[in-house]
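*Asks:* In my numbering, the protein residues as written are 13 to 367. The structure that follows is given in the form of structure tokens.
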Ligand code: BGC
């Protein structure tokens, strides 16, 4: 990142309202020459990302609400949020660390999802302006949602020309597990443009982690070869989503973790999405070992914003992450964090257009 790239970014802050207990919530606007992103301190969420299509028309390409009340009323979708302390599922909400078993809330049938009943998405983070962006901080106390250790998490959002970069870091004072990701739902056609089924996606992955009926990985790393999970070549999302394939039927569409090529910590391409109508292209790069490609199968039309109904498959998530239920799978890249260690990881969303 060069100083020149930073010099064009403008950062401003405004009020986004108050929590029921009176806590003030802010919204930051990060504006470069090519994108404008709005980020709120409630759940360190991405509220909107505005970017031009191939004809120069600017639209918001992520699902979200324009008021805090919208977010407070919706405890289901995790629109734009940083999810944690453990993004995605932990089987039976249970794991063992240093010989001790911990129970975290079961808020998704028999499993724990996205950190429990009051996950990081439900907290007001503290924020400070940084060059080209904003840094959000959350201190999650020892025992928060049943997790051991006081965890301090920092999430930095910065804009660089046509890219929004997210830098995560975390430290702890006791052994714990951590898996933070961003839960934005993209629709490159723009908010209100319908489903994402006509968009094409490429996933830079040869293997995925099949799940049981509760969407918990079985532990196997299965090849994508010869299955509707094969996105090594850019493919229209809707083409095989309703195939008679057990993994798809179980999840009601795509809702799986793909294993990325290359080492954890190394920056690599995870995915590339192309909306053929508007020409918008999103490229996702990350240092994480996996990506959850989720096609918004559980969006059921019960939430709305400004005349837009958030119906089934009107947005797709690319949650760069450690694999779901890693604390119960010693063969997966570890999510354990120990005192004295500082873990950093990064994901960048880059927006371009193609004819
Ligand atoms: C999960 C879905 C879940 C969704 C919640 C995704 O990360 O994989 O199964 O329904 O989050 O909005």
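Beta carbons: idealized from backbone N, C-alpha and C, even for Gly. From a predicted model like this one, the values you see are computed outputs, not experimental measurements.
Drop a sphere of 10 angstroms on the beta-carbon of residue 167, count the other beta-carbons inside from all chains shown, and report buried for 16 or more, exposed for fewer.
*Replies:* Buried, by the Cβ-count rule.
*Asks:* Have a look at residue 81 and residue 127 and give me their C-alpha separation to the nearest angstrom.
*Replies:* The straight-line gap from Cα to Cα measures roughly 22 Å.
*Asks:* Give the straight-line distance between the Cα atoms of residue 40 and residue 225, rounded to the nearest whole angstrom.
*Replies:* C-alpha separation (whole angstroms): 40 Å.
*Asks:* Which residues in the same chain have their Cβ closer than 7 Å to the Cβ of residue 175, if we skip the five residues on either side of it in sequence?
*Replies:* Contacts found: 360, 361 and 362.
*Asks:* Starting from residue 38, trace the beta strand (DSSP E) in both directions and tell me its first and last residue.
*Replies:* Residues 36–43.
*Asks:* For residue 336, does the three-state DSSP call read helix, strand or coil?
*Replies:* Reduced to three states, the DSSP call for residue 336 is coil.
*Asks:* So, is residue 301 buried or exposed, given that buried needs 16 or more other C-beta atoms within 10 angstroms?
*Replies:* With 16 or more other Cβ atoms within 10 Å, it is buried.
*Asks:* Which one of 306, 50 and 276 has the shortest CA to CA distance from residue 77?
*Replies:* Measuring from the Cα of residue 77, the nearest candidate turns out to be 50.
*Asks:* Span of the alpha helix (DSSP H) holding residue 280?
*Replies:* Where residue 280 is concerned, there is no enclosing alpha helix (DSSP H), although the beta strand (DSSP E) it sits in stretches over 280–286.
*Asks:* Nearest by alpha-carbon distance to residue 55: which of 108, 192, 112 and 285 is it?
*Replies:* Per the Cα distances, 192.
*Asks:* Provide the residue(s) that pair with residue 115 in DSSP beta bridges, ordered along the chain.
*Replies:* BP columns for residue 115 point to 106.
*Asks:* Closest to residue 20 by CA distance: which of 319, 31, 185 and 43 is it?
*Replies:* For residue 20, the nearest C-alpha among the options comes from 43.
*Asks:* What first and last residue would you give for the beta strand (DSSP E) that runs through residue 98?
*Replies:* First-last for residue 98: undefined, no H or E at that position.
*Asks:* Taking 7 Å as the cut-off, is the C-beta of residue 227 nearer than that to any heavy atom in the ligand BGC?
*Replies:* Yes.
*Asks:* The ligand BGC heavy atoms versus the CB of residue 267: any closer than 7 Å?
*Replies:* Yes - the ligand BGC has a heavy atom lying nearer than 7 Å to the Cβ of residue 267.
*Asks:* Rounded to the nearest angstrom, what separates residue 318 and residue 204 at their Cα positions?
*Replies:* Cα to Cα, residue 318 sits roughly 10 Å from residue 204.
*Asks:* In or out: residue 244 buried (at least 16 other Cβ within 10 Å) or exposed?
*Replies:* Label assigned to residue 244: exposed.
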